[in-house]
Amino acid sequence: MVGIVVVSHSQKVAEGAVELARQMAPEAKLAAAGGMEDGSIGTDVSKILAGIEAVDQGDGVVILVDLGSAVMSSEMAIEMREGGSQVQIIDAPVVEGTIFSSVEASIGSSFEEVVEVLAGAKAYKKF
Amino acid sequence: MATKAEVLDFIRVYADKMAEHRQELTDFDQAIGDGDHGINMSRGFKAVMEKLPTVEDKNIDDILKAVGMTLVSTVGGASGPLYGTAFMKAGAAVKGKEELSNEDIILAFDEAVGGIQFRGKAVEGEKTILDSMIPAINAIKASIAAGKSMTDALVDAEAAAWGGVEYTKTIIATKGRASYLGERSIGHQDPGATSMAYAFQAAREVAAKAGN
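In order, the protein sequence lines correspond to chains A and B. All residue numbers for the first sequence refer to my numbering, where the first residue is 1 and numbers rise by one. All residue numbers for the second sequence refer to my numbering, where the first residue is 1001 and numbers rise by one.
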């Protein structure tokens, strides 16, 4: 199953997005990598790296990011990784993207299919 | 040239400066960004100071890499990956060295700035760290080429770095949070360029003390 890592400057935002997604896709492989180790606002490369490793089952991992350093820190985590399956940072809304990709991944879709669904999440109209 | 003791001293002096200028950097960042630069940098370098005793008997490259790794996991903002990458790239450039020649120092700076450009996808003139760092490195190269000592070259580098900080007041931010402000970012100095200028100030002070 494709793994999903949620990277936000806020631990609560990342955990909240994961919580919402789990309600719809309880079996999805999700990791919340928000905030710093001490819970303060920021992004932490080691936390992201640990998140990727925790959800990588060999079918690829997508990373949802909020803004700014969330992208740079995620890029660094990917570069530092040794081995493992493909990992991609996706430009999509964090909450919606986490939910859409969790549902898609949990039905056994491929990495490419999950990435495609996330591209749609960016264009998704709420009303 | 620079000995390992001087490299360690540079890290300590810079860490002190980040603690000392914590509020000032935060104030600059509050004007045009998210107001956490001073807090983030001082938090990161506080963690570096805690880490340093465990690596100070290693080679210079291992020390610089450890500093970079600590920064990317403790700074929290964009300056974490940027400064972290700079230290890691500088470390990789001087692999196995216990002492740095002037050529090694220039190479380390070149790799560091290349790392920041790669990570931040920025170029000079976008109101970033690069606007003080690039002029400073160019000044070192010019001064060394003109036959000056590293100590004198770093005096020129620091002056060039502060010149770069002044320049950031005149330009619009196109990277990071400050870019949302557009023209309103004019008149404010860039906090990242400022924290980088302190790095050259730290290097200048350490070199002067060592008399290289």
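The beta-carbon is built from N, C-alpha and C at its ideal position, and this holds for glycine as well. Note that the structure is predicted; figures quoted are calculated from it, not measured.
query: How many Å lie between M1088 (chain B) and G1080 (chain B) at the Cα?
result: Along the second sequence, one-based indexing puts residue 1088 (chain B) at 88. Along the second sequence, one-based indexing puts residue 1080 (chain B) at 80. Near 12 angstroms, if we compare the C-alpha coordinates of G1080 (chain B) and M1088 (chain B).
task: Determine the closest residue to T1168 (chain B) out of B:D1152, B:G1192 and B:A1139, with distance taken between C-alpha atoms.
output: Taking the second sequence and counting its residues from 1, one reaches residue 1168 (chain B) at position 168. For T1168 (chain B), the nearest C-alpha among the options comes from B:G1192.
- request: Please report the residue range of the alpha helix (DSSP H) in which G1055 (chain B) lies.
  value: Counting from one through the second sequence, the residue named residue 1055 (chain B) turns up at place 55. A quick correction: the sequence has Val, not Gly, at residue 1055 (chain B). Here the alpha helix (DSSP H) through V1055 (chain B) covers H1037 to V1055.
message: Looking at chain B, is there any beta carbon in it that lies within less than 9 angstroms of the beta carbon of V87 (chain A)?
response: Looking up residue 87 (chain A) in the first sequence gives position 87. No, V87 (chain A) does not count as interfacial toward chain B.
field: Unbroken beta strand (DSSP E) run spanning V1123 (chain B), endpoints
entry: On the second sequence, position 123 is the one that residue 1123 (chain B) refers to. Note, V1123 (chain B): premise wrong, no beta strand (DSSP E); not H, not E.
task: Kindly indicate if chain B contains any beta-carbon less than 9 angstroms away from that of S46 (chain A).
output: Counting from 1 along the first sequence, the entry for residue 46 (chain A) is found at position 46. S46 (chain A) counts as touching chain B.
9 angstroms Cβ cutoff, I180 (chain A) in contact with chain B: Nothing can be reported for residue 180 (chain A), as the shown portion of chain A is limited to 1 through 127.
query: If the cut is a Cβ gap below 8 angstroms, which residues of chain B does M76 (chain A) touch?
result: Residue numbering aside, residue 76 (chain A) sits at position 76 when the first sequence is read from its first letter. Residues of chain B passing the Cβ test: V1072, P1081, G1084, T1085 and R1119.
Rounded separation between G133 (chain A) and Y1083 (chain B) - CA only: It is not possible to answer for residue 133 (chain A), since the shown part of chain A is limited to 1 through 127.
message: Per the DSSP calculation, T1003 (chain B) is bridged to which residue(s)?
response: As a working note, residue 1003 (chain B) is residue 3 in the second sequence. Answer by DSSP bridge pairing, in chain order: B:E1099.
message: Along the chain, where does the beta strand (DSSP E) containing G34 (chain A) start, and where does it finish?
response: By 1-based counting over the first sequence, the position of residue 34 (chain A) is 34. Looking at the DSSP string, the run of the beta strand (DSSP E) that includes G34 (chain A) is K29 to G34.
- prompt: Opposite I63 (chain A) in the DSSP bridges: which residues?
  reply: Locating residue 63 (chain A) in the first sequence gives position 63, counting from the first residue. DSSP, once it has assigned bridges, lists A:V5 and A:I89 as partnering I63 (chain A).
- prompt: Below 9 angstroms between beta carbons: does that hold for V1072 (chain B) and S73 (chain A)?
  reply: Working through the second sequence from its first residue, we reach residue 1072 (chain B) at position 72. Working through the first sequence from its first residue, we reach residue 73 (chain A) at position 73. In this structure, S73 (chain A) lies closer than 9 angstroms to V1072 (chain B) by Cβ.
query: According to DSSP, is A25 (chain A) helix, strand or coil?
result: What you label residue 25 (chain A) is simply residue 25 of the first sequence in a count that begins at 1. Three-state result, A25 (chain A): coil.
query: Is S10 (chain A) close to chain B, meaning its C-beta is less than 9 angstroms from at least one C-beta of that chain?
result: Locating residue 10 (chain A) in the first sequence gives position 10, where the first residue counts as 1. No, because no Cβ of chain B sits closer than 9 angstroms to the Cβ of S10 (chain A).
Short Cβ contact (9 angstroms threshold) for L49 (chain A) with T98 (chain A): Position 49 of the first sequence, counted from the start, is the residue given in the question as residue 49 (chain A). Position 98 of the first sequence, counted from the start, is the residue given in the question as residue 98 (chain A). No, the pair does not count as a contact, with Cβ atoms beyond the cut-off.
Neighbourhood of V6 (chain A) by C-beta, 6 angstroms cutoff - its chain only, sequence neighbours within 5 removed: The count along the first sequence starts at 1 and reaches residue 6 (chain A) at position 6. So the qualifying residues of the chain are A14, A17, V18, A32, L64 and T98.
- request: Would you mind stating whether S10 (chain A) and G51 (chain A) have Cβ atoms separated by less than 9 angstroms?
  value: Locating residue 10 (chain A) in the first sequence gives position 10, where the first residue counts as 1. Locating residue 51 (chain A) in the first sequence gives position 51, where the first residue counts as 1. For S10 (chain A) and G51 (chain A), no; Cβs fall outside 9 angstroms.
task: Show which residues of chain A have a CB atom less than 7 angstroms away from the CB atom of R1177 (chain B).
output: The sequence position of residue 1177 (chain B) within the second sequence is 177, counting from 1. Within chain A, the residues near R1177 (chain B) are G68.
task: With DSSP collapsed to three states, give me the class of Y124 (chain A).
output: Sequence index remark: in the first sequence, residue 124 (chain A) carries index 124 (1-based). Coil at Y124 (chain A), not helix or strand.
- prompt: What are the residues of the region 92–103 of chain A that lie near chain B, defined by any Cβ-Cβ distance shorter than 8 angstroms?
  reply: Under the 8 angstroms Cβ criterion, the region 92–103 of chain A contributes no residue.
message: Between D1190 (chain B) and chain A, is any beta-carbon pair separated by less than 9 angstroms?
response: Position 190 of the second sequence, counting from 1, holds the residue named residue 1190 (chain B). Closer than 9 angstroms: no.
field: Where T1070 (chain B) falls: helix, strand or coil (DSSP)
entry: For the purposes of this step, residue 1070 (chain B) is identified with residue 70 of the second sequence, where counting begins at 1. Note: T1070 (chain B) maps to helix in three-state DSSP.
task: Look at L1052 (chain B) and A1108 (chain B) and say whether their C-beta atoms are less than 9 angstroms apart.
output: As a working note, residue 1052 (chain B) is residue 52 in the second sequence. As a working note, residue 1108 (chain B) is residue 108 in the second sequence. Against a cut-off of 9 angstroms, the Cβ pair of A1108 (chain B) and L1052 (chain B) comes out as no contact.
Cα-Cα separation between Y1198 (chain B) and G1035 (chain B), rounded to whole angstroms: On the second sequence, position 198 is the one that residue 1198 (chain B) refers to. On the second sequence, position 35 is the one that residue 1035 (chain B) refers to. So the alpha carbons of these two residues sit roughly 18 angstroms apart.
query: Nearest CA to the CA of S46 (chain A): which residue from A:E75, A:Q88 and A:G60?
result: If you number the first sequence from 1, residue 46 (chain A) lands on position 46. Looking at the Cα atoms, A:E75 is the closest of the given residues.
field: For L30 (chain A) and D1061 (chain B), the rounded distance between their alpha carbons
entry: Position 61 of the second sequence, counting from 1, holds the residue named residue 1061 (chain B). Position 30 of the first sequence, counting from 1, holds the residue named residue 30 (chain A). Their backbone Cα atoms lie some 36 angstroms apart in a straight line.
task: Can you give me the start and stop residues for the alpha helix (DSSP H) that K1058 (chain B) sits inside?
output: Residue 1058 (chain B) sits at position 58 when you count from the first residue of the second sequence. First-last for K1058 (chain B): undefined, no H or E at that position.
Proximal residues to T1085 (chain B) (C-beta, below 6 angstroms), its chain only, five neighbours per side dropped: On the second sequence, position 85 is the one that residue 1085 (chain B) refers to. Once the five neighbours on either side are set aside, the close Cβ partners of T1085 (chain B) are G1115 and R1119.
query: Could one say the Cβ of S73 (chain A) lies closer than 9 angstroms to chain B's Cβ atoms, at least one of them?
result: Here residue 73 (chain A) refers to the residue found at position 73 when the first sequence is read from its first residue. Closer than 9 angstroms to some Cβ of chain B, the Cβ of S73 (chain A) qualifies, so yes.
query: Just the Cα atoms here: how many angstroms apart are E1024 (chain B) and I41 (chain A)?
result: For this step, residue 1024 (chain B) is matched to residue 24 along the second sequence. For this step, residue 41 (chain A) is matched to residue 41 along the first sequence. Distance between the alpha carbons of E1024 (chain B) and I41 (chain A): 20 angstroms.
message: Does I1171 (chain B) come out as helix, strand or coil in the three-state DSSP assignment?
response: Counting from 1 along the second sequence, the entry for residue 1171 (chain B) is found at position 171. I1171 (chain B): coil per DSSP, three-state reduction.
- prompt: Hey, would you say V140 (chain A) sits closer than 9 angstroms to S101 (chain A), going by beta carbons?
  reply: Outside the shown range of chain A (1 to 127) lies residue 140 (chain A), about which nothing can therefore be said.
Test: E37 (chain A) CB closer than 9 angstroms to a CB of chain B: In the first sequence, counting from the first residue as 1, residue 37 (chain A) sits at position 37. True, the Cβ-Cβ gap to chain B drops below 9 angstroms.
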